[in-house]
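Scroll down for the structure; my scribbles are underneath it.
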Amino acid sequence: MEGKIALEEHYAIEDTLMDSAGYLPEHTWAELSARVLDIEGRRIEEMDRNGVELMILSLNAPAVQAIPDRRRANEVARKSNDVLAEWVERHPGRFRGFAALPLQDVDMACAEMQRCVNDLGFVGALVNGFSQIDEPDTAYYYDLPQFRPFWQVMAELEVPFYLHPRNPLPSMAQIYDGHPWLMGPTWAFGQETAVHALRLMACGLFDEHPDLQIVLGHMGEGLPFSIWRCDNRNAWTEAPPAYPAKRTFSEYLQENFYITTSGNFRTQALINAMLEVGADRILFSADWPFENIDHAAIWFDSCTISEADRRKIGRLNSLELFGIEL
Ligand code: GRE
Ligand code: ZN
C-alpha cells in the first residue's frame with residue numbers, strides 16, 4: 041500500500057542517544073545508533089521503498105522521562121523538540137512531530153506542550169511511561185492528581201498523547217530478577233505500559249475529559265486480549281468496579297484509545313484488536329529504528345483484512361486523528 045503513515049518512529053539527539061544502548065545485542069549498536077540519529081538519509085529511503093509517505097517522529101526512550109532533575113529534563117525536551125521542528129520544516133511532506141515533555145514539572149510540561157502545538161505545529165505528544173522526579177529511584181504515573189492540570193491542557197489542545205513504553209526501575213522489577221531477557225520489548229515494556237494505561241482508565245481521567253485520546257503501540261500492549269477479563273472477572277459476585285472511574289475499562293479502551301501496529305506484525309493480534317476497538321481506532325506503525333520498516337510494511341500490505349480497513353489503518357485514521365493535510 042502506498043501512502044502509509046507511521047507514528048512510532050524514533051530519532052535521537054546526542055544528549056539522548058545512549059538511552060537506546062543496552063536493549064539490543066552489543067554487535068548491533070553501530071547499526072542502531074546510525075539508524076536512530078539519521079533523519080533524511082536512510083530513513084527516507086526506507087520510507088520510499090516501503091510505501092510510507094509520512095512519519096510522525098518522536099524522541100527515543102526513556103530520554104526525558106529518566107532525567108530526575110526538572111530543569112535538565114525541560115532543557116533536553118526543548119532542545120529535542122526544536123531539532124525536530126527543523127526537520128519537519130525541511131520535509132513537510134514526509135515528517136510531523138510529537139513533543140517530548142518534561143513531566144517532572146507539570147507547569148513546564150504544560151508550557152512546552154503549548155509551545156510545541158501552537159508555535160512548532162506538532163500534532164501530539166509522545167511520553168515514555170512514568171517520570172523519575174527529583175530522586176532517581178522514583179516513578180510517577182500520570183493518573184496521580186498532580187498531573188490533572190497537564191491533562192486539562194492536552195484536552196484544550198485537542199491533540200493525542202502517545203504512551204510509549206519504558207522499563208521498570210531495578211527497584212521495582214523484582215519479578216524479572218534472574219530473567220533479564222524478559223525486560224524491554226520481550227515483555228516488561230508491555231506490562232509496564234498496559235498497567236499505566238489501566239491506571240489512567242481507572243482514575244476517572246476520561247470522565248473528566250471524555251474527548252482525550254491516548255495512543256498505545258505494540259497492538260495495544262496486550263490490552264485488547266485482556267480487557268474483557270479486566271471487566272468481567274468474578275461476574276457472579278455482581279461487584280461494581282472498585283475504582284473511582286464511572287465506566288468499564290472496555291468503554292474507555294473503545295472511546296479514549298487508539299492502537300498502533302508498532303513492533304507487533306501479527307495478523308492474529310491485529311484481528312483481535314479490530315474485534316475489540318474497531319478498524320477506526322487502529323493505526324499502522326513500524327517502531328523504527330528498533331524494528332524494520334520492511335518487516336512492518338510487507339506484513340501490513342498483505343495481511344488478511346479488507347482493503348477498506350487497510351486504507352483506514354494504513355493512512356486515513358491517522359490523517360483524521362492528527363488533522364494532517366498532505
Ligand atoms: C522502542 O522504542 O519501542 C524500543 C526501545 C528500545 C528497545 C526496543 C524497542 O526504545 O522496541
Ligand atoms: Zn518505540
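So that you can map any letter, position 248 of the sequence shown is 288 in the working numbering, and since no number is skipped, the others follow by simple counting. Backbone N, C-alpha and C fix where the C-beta goes; we use that ideal spot for every residue, glycine too. Keep in mind that this is a model prediction, so the values were computed, not measured.
Quick one: what does DSSP say L366 is sitting in, helix, strand or coil? coil
When the Cα atoms are used, what is the spatial distance from P65 to L57? 16 angstroms
Within 8 angstroms, strictly: CB atoms of I299 and A313: Contact: yes.
Mapping the DSSP letters down to three states, classify V255 as helix, strand or coil. strand
CA-to-CA distance, P176 to P108, given in whole angstroms: About 6 angstroms.
Pick out the complete beta strand (DSSP E) segments inside the stretch 174 to 234, 3 residues or longer, and give them in chain order. 201 to 203
Considering Cα atoms alone, identify which of E48, L256, M241 is closest to P249. Reading the sequence as shown, one finds His at residue 249 and not Pro. When only C-alpha atoms are compared, the closest one is M241.
Nearest to R111 by CA position, among M87, M148, L366, S73, is which residue? Ranking M87, M148, L366, S73 by Cα distance to R111 puts M148 first.
Taking all protein chains shown into account, decide if Y292 is buried (16 or more other Cβ within 10 angstroms of its Cβ) or exposed. buried
Closest by CA to T344, which one among R306, D251, D78? R306
7 angstroms Cβ shell around R350 - same chain, five flanking residues per side excluded: M41
What are the start and end residues of each continuous alpha helix (DSSP H) run of 4 or more residues lying completely inside the stretch 250 to 317, in chain order? 263 to 272, 289 to 296, 307 to 317
Supposed close pair H258, S290 - CB separation, criterion 8 angstroms: No, H258 and S290 are not in contact; Cβ-Cβ is about 19 angstroms, not under 8 angstroms.
Around the C-beta of N272, are 16 or more other C-beta atoms found within 10 angstroms, so that it is buried, or is it exposed? exposed
Could you spell out where the alpha helix (DSSP H) holding I84 opens and where it closes? 82 to 89
Counting along the chain, where does the beta strand (DSSP E) carrying S98 start and finish? 92 to 99
Classify T277: buried if its beta carbon has 16 or more other beta carbons within 10 angstroms, exposed otherwise. exposed
Could you check the C-alpha separation between K44 and P210 for me, to the nearest Å? 38 angstroms
Residue range of the unbroken alpha helix (DSSP H) whose run includes F246: 245 to 248
Assign I215 to buried or exposed, taking buried as 16 or more other Cβ atoms, counted over all protein chains shown, within 10 Å of its Cβ. Exposed, because fewer than 16 other Cβ atoms sit within 10 Å of the Cβ of I215.
Below 6 angstroms CB to CB, which residues in the same chain sit around K286 once its five sequence neighbours on both sides are set aside? D247
Could you name the residues that DSSP lists as bridge partners for I345? BP columns for I345 are empty, so no partner.
Answer yes or no: do I254 and P189 have a C-beta to C-beta separation smaller than 8 angstroms? no
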